[in-house]
Amino acid sequence: MTVLEIARDALATGPVCDACLGRLVADRSFGLANAERGRALRTTVALEDDEPYEEPEDCWVCEGESNRIDTWADRAVRAVAGYDFDTYQAGTRVPPMLEENDVLLREDVGLPEDAGEPLKAELNREVGKRFGRQVDAEVDFERPDVQLLLDLGTDEVELQVNSAFVYGRYKKLERDIPQTKWPCNECGGTGLKRGAECPGCDGTGFRYDESVEQLTAPPVVEAYDGESATFHGAGREDVDALMLGTGRPFVIEVEDPHTREVDPDRLQEAINDYAEGKVEVTDLAIPTYEMVKRVKEHDAAKTYRMAVEFDEPVTEADLQAALDTLRGATITQRTPQRVDHRRADIDRTREVYEIEGERDDETHATIELDGEGGLYVKELVSGDEGRTEPSLSGLLGVGAVVTALDVLAVEGEDEPFLVDEYLAE
């Protein structure tokens with residue numbers, strides 16, 4: 005079919021606006037808007053047939069939505085008032101009846117159902133272009149700062165503001181601080197038990213008064229003028245362990261940020277002031293959203309320092325012989341008894357890369373080890389009643405327990421956690 009034949013057949017179906025007429029041949033002649041294509045076709049048909057040129061007041065296909073592009077763009081601009089952003093994406097929810105009209109028009113004209121361009125695609129593009137010019141932002145089809153949905157059925161603009169992120173490393177300088185909020189076991193985090201203040205948490209709903217999350221996230225939420233935050237860590241140390249050395253990688257995700265212009269150096273200073281020496285953050289940077297998945301899933305090796313107490317005197321020679329056996333060993337561990345209430349009861353194997361130590365006296369020693377992520381080092385020392393093999397206790401033939409644990413490093417096995425591809429531009 006020629007474009008004139010398409011135009012005549014389309015105009016014969018009833019009042020059709022220029023944009024809907026032009027959308028039938030949207031794949032013809034680049035550089036034209038669909039309304040320009042439609043107007044040219046309408047004009048050419050009128051000239052060819054020597055008939056009066058008439059523009060329809062209504063359109064049975066889009067029911068006037070094609071003429072509301074500027075209106076939708078202005079409403080989208082109002083929807084983002086109060087938000088700073090650099091990237092956006094616009095989408096449209098088209099009612100089924102209008103989608104069906106698009107199909108019927110093509111059937112009446114004798115065109116394939118997917119010929120030209122659907123109403124949804126045109127509105128996405130044309131409203132998006134106008135919106136972008138007004139707010140001076142760039143379209144991003146992967147992970148924009150804001151996403152706008154034009155709902156033609158409800159005549160509303162829905163706004164989704166995507167999270168902002170901060171990456172860094174934290175050191176936990178005091179013991180008995182969990183990484184994230186720990187709901188009280190007795191009241192399930194409600195703060196109430198049988199209608200009264202829960203005695204287990206004094207009504208707070210939390211087992212511990214503070215966490216690394218609570219000591220670091222509030223300044224981040226404030227800096228981004230956000231609603232709330234979620235803390236993502238590269239694993240977590242035990243509550244009674246310190247996190248020292250190079251620190252543990254983390255990402256703080258801020259929901260509903262109103263600004264994205266944040267200075268990492270100033271934010272780092274603000275967090276450290278807020279934490280009052282209990283937690284310290286370093287290496288703050290602004291990452292992409294993919295960094296959340298990376299800190300959670302990136303394979304990491306870990307370095308520990310442990311204070312160990314033996315039930316009976318141990319000679320230096322026996323200690324060194326046991327450490328020699330553990331060095332480079334593959335350890336089989338059944339889920340430790342202390343965590344089997346919240347983790348699957350399975351057997352796992354982990355590697356001890358390096359281990360060194362020396363006695364402090366006959367019943368105490370200090371041990372440092374580098375191991376594969378997921379190695380339960382307390383159980384490597386105690387044996388966990390035979391659930392970990394081999395173990396320091398089993399090799400020495402005496403009971404052994406970790407009395408103090410420090411994590412000194414959490415580093416990527418094959419490459420660092422933060423590489424250039426995970427930094428925001």
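Residue 5 is where the sequence shown starts when you use my numbering, and the numbers rise one by one after that. A virtual CB, placed ideally from N, CA and C, is assigned to each residue, including glycine.
Ala304 places its beta carbon 8 Å or farther from that of Ile256. DSSP, read as helix, strand or coil, puts Gly42 in helix. Close CB contacts of Ser33 within its chain, under the 8 Å cut and outside five residues either way in sequence, are with Arg41 (chain order).
CA-CA distance, Gly237 to Pro291, rounds to 14 Å.
DSSP places Ile275 inside the alpha helix (DSSP H), whose first and last residues are 268-279.
If the five residues before and after Thr407 are omitted, its C-beta is found closer than 6 Å to the C-beta atoms of Ala311, Glu313, all from its own chain and listed in chain order. Within its own chain, the residues whose Cβ lies closer than 7 Å to the Cβ of Thr17, once the five positions on either side in sequence are excluded, are Leu109, Asp112, listed in chain order. Rounded to whole angstroms, Glu273 and Arg342 show a C-alpha spacing of 37 Å.
Taking Glu316 as the centre and dropping the five residues before and after it, the same chain places the C-beta of Val402 closer than 6 Å to its C-beta, in chain order. One thing to note: Leu219 has its Cβ within 8 Å of the Cβ of Lys282.
The beta carbon of Leu323 sits closer than 8 Å to those of Gly361, Glu362, Arg363, Ala369, Leu400, all from its chain and outside the five residues before and after it, given in chain order. With fewer than 16 neighbouring CB atoms inside 10 Å of its own CB, Arg198 falls in the exposed class.
A straight line joining the alpha-carbon of Asp388 with that of Pro223 spans about 41 Å. Judged by beta-carbon spacing, Gln93 lies within the 8 Å limit of Phe145, meaning their Cβ atoms are closer than that value. With contacts defined as CB atoms closer than 8 Å, Arg331 and Glu372 fail to qualify as a contacting pair. CA-CA distance, Ser167 to Asp90, rounds to 13 Å. In its chain, beyond the 5 residues on either side, Tyr380, Glu383, Asp388 have a beta carbon closer than 6 Å to the beta carbon of Pro340.
Remark: C-beta atoms of Arg173 and Val285 approach each other more closely than 8 Å. For Tyr174, the enclosing beta strand (DSSP E) starts and ends at 168-176. Closest option to Thr353, judged by alpha-carbon separation, among Asp74, Ala321, Gly378: Gly378.
Counting only runs that start and end inside the segment 290-359, the beta strand (DSSP E) elements of at least 3 residues fall at 304-314, 334-338. With contacts defined as CB atoms closer than 8 Å, Leu123 and Leu154 fail to qualify as a contacting pair.
Gln164 sits close to Val150, with the two beta carbons spaced by under 8 Å.
With the rule of 3 Cβ pairs closer than 8 Å, the segment 245-259 does not count as touching the segment 185-204.
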